[in-house]
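In full-length UniProt numbering, the protein residues as written are 1 to 544.
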RNA sequence: GGGCUCGUGGCCUAGUAUGGAUAAGGCACCGUCCUUCUAAGUCGGUGAUCGUGGGUCCAAAUCCCACCGAGCCCGCCA
């Protein structure tokens, strides 16, 4: 929970003393008209009288003035009051807003990609959204943790193993030959049906607990998984815990789960299913092997043992699966945790869908390398004085931040078409724009000898705008949590950076009478930038 | 065919949950500003019947209905 002096709440309370019907939504954060705005359409009273009554009842010090404009009443807050709240919070607690530690434990499951190939730009949307949600919930005061559910027991990963046995048996398995074997076996399958039988035979042995086979499959899967981990690490994503699907089979949890709901299971041949309306959800195959749905039930029951709130980040292709899963968990099992699903639209290439099997992908590593290259080129052009070490630091920060920002800033339910020209654009609404604005602030602070200890009392338009955007940070944070939408933080950062850039261009600091006051403003800005950037994985540097 | 999601200037994105002030940014294009703290920046200009058609309402990008277009799902795959 966020803790700060919320002027909106105070204003709302006073307004309701006069007009009890005023709702939360009738008062909103103002844009250019005022700091807070009340819509008075509903009040059915002469606006001038409303204004008069409100002015009489709202005599708080922090109110600078109250204006009537058409059907809106605008409230202007003294900038020094807003800034004072932010500044005091940072001074006392290290950040603004302060938080109250929530007792709820939340687990964010993200990525969980089948370990059958390198992670590509289609899949990183999952990781980027998931990691950002994790950091946002953590900041808000939840005790948070991330988890990757590793599929090492489905047909895909069995194919990965079989591909290696068939085509690269004498080579030590590595990412390259595993991927080749995987793609080759799917090509082969198109003409040779017997391969499917081989896979099924392996699945059956697997399910019966063939230890050697399970170990071998886990071995190849872990090689691929390690590559996924190291790719994600480059963009600042480290997942707290990994849970392997095979464990639930090995230790009999899947079977126990099936027994516990045996009354509700129906049979078609030897295959078992649950009926939801006229839909059949199969839990086991005719040969007795388990299906993803069963393993996912067991996995969610396992998760709820330790967490009060589960958040699953899933591709939009999982919408039906998730709906059915939630229904089954709540109907047939003792499932108490709160559960939320965050879906995201696919990232496609300009020439169509990505496919690991068909080799039509842009991997995260490719994208990272190209972004570094482009960034180095630009740094050498713009900052000829930077040494190799600095170039390396800056280009790596820009690459990680740009990749994350370009993906996280768009609303998850919109599809994205990946374009190199956009991925490598470092101007306008981009991560470097935010990083640049921050570096400018750092530069001023470096060059000033003032410590910024005093709050001023007259702030010009640019200073006031900056203060207002900074004050609105908790509102964005709150929305991001409420709707599990990290894009809200990304857009907030753009607005904040823009407000600073305008201030910077119009308000000289060093060697002016306003230096102390403005240094304080910049210090506060720096703190909020660091706070918000961290949430979506933008790496800020003192100089870029 | 059924279900879910999306459609906002030439291109990309915000605004839609909670209807309300001239639809806000960016890219591209034209022009402005470095004798002052990083020009990856700033300011100005060109450019939008908010997919189409109805409806509700004092008021619709936002709500409702229909249609069109795109994506995803409709497996004893995951």
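Glycine included, C-beta positions come from ideal geometry on N, C-alpha and C.
Keep in mind it's a predicted model, so treat the numbers as computed, not measured.
Pairwise C-alpha distance: residue j and residue i
{"i": "residue 60", "j": "residue 79", "result": "14 angstroms"}
{"i": "residue 40", "j": "residue 67", "result": "13 angstroms"}
{"i": "residue 525", "j": "residue 1", "result": "22 angstroms"}
{"i": "residue 435", "j": "residue 221", "result": "37 angstroms"}
{"i": "residue 291", "j": "residue 213", "result": "18 angstroms"}
{"i": "residue 248", "j": "residue 469", "result": "49 angstroms"}
{"i": "residue 260", "j": "residue 295", "result": "14 angstroms"}
{"i": "residue 544", "j": "residue 391", "result": "9 angstroms"}
{"i": "residue 174", "j": "residue 208", "result": "28 angstroms"}
{"i": "residue 194", "j": "residue 270", "result": "23 angstroms"}
{"i": "residue 354", "j": "residue 344", "result": "15 angstroms"}
{"i": "residue 70", "j": "residue 53", "result": "17 angstroms"}
{"i": "residue 471", "j": "residue 25", "result": "19 angstroms"}
{"i": "residue 254", "j": "residue 23", "result": "49 angstroms"}
{"i": "residue 227", "j": "residue 244", "result": "17 angstroms"}
{"i": "residue 91", "j": "residue 81", "result": "15 angstroms"}
{"i": "residue 239", "j": "residue 352", "result": "30 angstroms"}
{"i": "residue 13", "j": "residue 394", "result": "48 angstroms"}
{"i": "residue 234", "j": "residue 491", "result": "23 angstroms"}
{"i": "residue 203", "j": "residue 389", "result": "51 angstroms"}
{"i": "residue 487", "j": "residue 284", "result": "39 angstroms"}
{"i": "residue 36", "j": "residue 257", "result": "54 angstroms"}
{"i": "residue 293", "j": "residue 359", "result": "28 angstroms"}
Cβ-Cβ distance between residue i and residue j below 9 angstroms
{"i": "residue 401", "j": "residue 538", "result": "yes"}
{"i": "residue 460", "j": "residue 495", "result": "no"}
{"i": "residue 29", "j": "residue 520", "result": "no"}
{"i": "residue 446", "j": "residue 536", "result": "no"}
{"i": "residue 363", "j": "residue 164", "result": "no"}
{"i": "residue 346", "j": "residue 317", "result": "yes"}
{"i": "residue 407", "j": "residue 10", "result": "no"}
{"i": "residue 398", "j": "residue 431", "result": "yes"}
{"i": "residue 549", "j": "residue 87", "result": "Residue 549 lies beyond the residue range present for the chain, which begins at 1 and ends at 544; the question has no answer from this structure."}
{"i": "residue 198", "j": "residue 162", "result": "yes"}
{"i": "residue 99", "j": "residue 3", "result": "yes"}
{"i": "residue 105", "j": "residue 306", "result": "yes"}
{"i": "residue 7", "j": "residue 150", "result": "no"}
{"i": "residue 75", "j": "residue 38", "result": "yes"}
{"i": "residue 531", "j": "residue 95", "result": "yes"}
{"i": "residue 266", "j": "residue 280", "result": "yes"}
{"i": "residue 153", "j": "residue 206", "result": "yes"}
From the options, residue whose alpha carbon lies closest to that of residue i
{"i": "residue 357", "options": "160, 94, 29 and 103", "result": "160"}
{"i": "residue 143", "options": "398, 466, 310 and 73", "result": "310"}
{"i": "residue 533", "options": "219, 447, 181 and 132", "result": "132"}
{"i": "residue 179", "options": "224, 278 and 49", "result": "224"}
{"i": "residue 237", "options": "366, 429 and 130", "result": "130"}
{"i": "residue 97", "options": "391, 453, 63 and 136", "result": "136"}
{"i": "residue 476", "options": "73, 275 and 140", "result": "140"}
{"i": "residue 297", "options": "339, 202 and 278", "result": "339"}
Supposed contact pair residue j and residue i - C-beta distance, whole angstroms, cut 8 angstroms
{"i": "residue 412", "j": "residue 342", "result": "6 angstroms"}
{"i": "residue 301", "j": "residue 335", "result": "7 angstroms"}
{"i": "residue 113", "j": "residue 123", "result": "5 angstroms"}
{"i": "residue 118", "j": "residue 231", "result": "7 angstroms"}
{"i": "residue 58", "j": "residue 19", "result": "Not confirmed; about 12 angstroms, so no contact."}
{"i": "residue 303", "j": "residue 107", "result": "6 angstroms"}
{"i": "residue 515", "j": "residue 450", "result": "5 angstroms"}
{"i": "residue 62", "j": "residue 77", "result": "6 angstroms"}
{"i": "residue 264", "j": "residue 274", "result": "6 angstroms"}
{"i": "residue 196", "j": "residue 189", "result": "6 angstroms"}
Open item on the list: Below 8 angstroms, how does it come out for the segment 423 to 441 and the segment 482 to 502: are there three or more Cβ pairs, yes or no?
Closed with: yes
Open item on the list: With a threshold of 8 angstroms, are at least 3 pairs of Cβ atoms found where one atom belongs to the segment 420 to 427 and the other to the segment 365 to 372?
Closed with: yes
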